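I have placed the structure first, in the form of structure tokens, so that the comments after it can refer back to it.
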Amino acid sequence: MAEIQLKENERIDDLQLSGLKIIQNSRAFCFGMDAVLLSGFAKAKPGDHVLDLGTGTGIIPLLLSAKTQAARLTGLEIQPESADMAERSVKMNALEERVAIMTGDIKEARMLFGASVFDVVTCNPPYMIADHGIQNPADEKTIARHEVLCTLEDVIAQTAAVLKPGGHFYMVHRPFRLAEIITKMCAYHLEPKRMRLVYPYADREPVMVLIEGVRGGNPRITVEKPLIIYSAPKIYTEELRRDYGY
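As structure tokens, this is what we get:
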């Protein structure tokens, strides 16, 4: 593993998977369980080319490099500081031949990469609409959590543009926007094919939705059984530990 120079407030976290490590800034947005769950929900076949939109510090490409046999994984990130951390994490893990990080805008994905070039697109987008409780629109955490620089429609429209026909789209989002998610996916011919709701406890409301779409797919969706995070306070369920590495 290559030696990497850390910058102010940065740390190296062990991903507990195939020896992978990631650089994060303790004062900026750090990845959460949603990214890890998405990397377990997404699938990529040997030889696939994968694009992760809004990759942040590169957590999803890093995890998918160990969980799949995808030939090439590209992360697109608009914030230069996050993209820089992602690039250094790729080098630290000696993954330059499989993983690439590009600094750029999700809204320009088609212009940057071309049309119909990826087999798989993943995204852990901002969940909240732009005017919901924003204090500082330029703050890194605000950009990661709110639709300041891109909207749900931007993500779905650009995904549809860069995916090959029959390509797969995987996203994690919040259940309160599920109707909008499905409506917009269908509008851009990303047919919803698989969905799973994630609950903190069995008797609580869901806090996440994992959804898969296929470009130009036939109408038919499979709703998988609920994923429960905790069996008791601070105790992960057996399924979460077994299937998602917690």
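For the record, in the sequence shown the residue sitting at position 218 is 222 according to the numbering used here, with numbers rising by one throughout.
Every residue, glycine too, gets a C-beta built ideally from N, C-alpha and C.
Remember, predicted model here, so these are calculated numbers, not experimental data.
- Contact annotation: D18 and K25 have beta-carbon atoms nearer than 7 Å.
- Where V166 is concerned, the enclosing alpha helix (DSSP H) starts and stops at L156 to V166.
- Counting the other CB atoms within 10 Å of its CB gives I64 a total of 16 or more, which places it among the buried residues.
- Annotated three-state conformation of E12 is coil, per DSSP.
- Spanning the alpha carbons of H193 and G171 requires a straight line of approximately 11 Å.
- A direct Cα-to-Cα measurement between V121 and K238 gives close to 42 Å.
- Assigned with DSSP and collapsed to three states, P169 falls in strand.
- Put simply, the backbone Cα of D123 is about 26 Å away from that of M89.
- Distances from the alpha-carbon of R198 to those of L116, V213 and D56 put V213 closest.
- Between the alpha carbons of A87 and E228 lies a gap of roughly 34 Å.
- With respect to L99, S69 sits close: the two C-beta atoms are nearer than 7 Å.
- In this model, G51 and T72 are separated by some 10 Å (Cα to Cα).
- If you check the CB distance, M96 and I232 do not come in under 7 Å.
- Between T78 and L57, the C-beta spacing is not below 7 Å.
- For the options P204, A236 and I110, the alpha carbon positioned closest to that of D38 is the one of P204.
- Per DSSP, the continuous beta strand (DSSP E) segment holding E195 begins and ends at L194 to Y203.
- With a beta-carbon spacing of about 16 Å, S43 and L80 fall beyond the 8 Å limit used to define contacts.
- Separation of A206 and P230 (C-alpha to C-alpha, rounded to the nearest whole angstrom) is 9 Å.
- Straight across, the Cα-Cα distance linking I16 with G249 is about 19 Å.
- The distance from the Cβ of N128 to that of V176 is about 5 Å, consistent with a contact at the 8 Å cut-off.
- If you ignore the 5 residues before and after R245, its C-beta comes within less than 8 Å of no other C-beta in its own chain.
- Counting along the chain, the unbroken beta strand (DSSP E) around K25 starts and ends at K25 to N29.
- Under DSSP, no beta-bridge partner is assigned to R181.
- Taking C-beta atoms as the reference points, A46 and A74 fail to come closer than 7 Å.
- Taking C-alpha positions only, A119 is separated from A113 by approximately 9 Å.
- Rounded to whole angstroms, the Cβ separation of S93 and T61 is 6 Å, and the two are in contact under 8 Å.
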